[in-house]
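Per our numbering, the sequence shown runs over residues 30 to 128.
For glycine and all other residues, C-beta sits at the position ideal for the given N, C-alpha and C.
Presented below is the structure to which this report refers.
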Amino acid sequence: MRTLKSRIDWLVYTILVMGFNLFKLVEHSVELNLFWSGYFEDIIAIPVILKSSLLVLQLCRERYKNYVVKASDMIVILVSFSIYFEMLLPQFDARFTSD
30 MRTLKSRIDW LVYTILVMGF NLFKLVEHSV ELNLFWSGYF EDIIAIPVIL
80 KSSLLVLQLC RERYKNYVVK ASDMIVILVS FSIYFEMLLP QFDARFTSD
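Structure (structure tokens):
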């Protein structure tokens, strides 16, 4: 994942965030098929979280201005989220179910 300096990066970030917000607006008012209702948030969560974290890191910390998220970082975060949301959280909170 590159730094958020180019216009294309800002465009991708904006589309991701607006797509998520649009989904949340229509989620309860429109009947959505299984993919949209069950998996869209899971698929878009990691890119939105990574891009948001990268943006905050680059804007707030001068020494991380050129930081780039590596593939290994993405894999660790993806595995961590999967374990937390699919294995641990459903055991402690009835509102969450594992797939």
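- When the Cα atoms are used, residue 39 and residue 85 turn out to be separated by approximately 13 Å.
- For residue 80, the number of other beta carbons within 10 angstroms of its own is at least 16, and it is reported as buried.
- Here the alpha carbon of residue 109 sits roughly 30 Å from the alpha carbon of residue 36.
- If only uninterrupted alpha helix (DSSP H) runs of at least 4 residues are considered, those enclosed by the segment 77 to 127 are 100 to 112, 118 to 121.
- The DSSP assignment places complete alpha helix (DSSP H) segments of no fewer than 4 residues inside the segment 42 to 71 at 63 to 67, in order along the chain.
- Distances from the CA of residue 115 to each of 71, 95, 100 were compared; the closest alpha carbon is that of 71.
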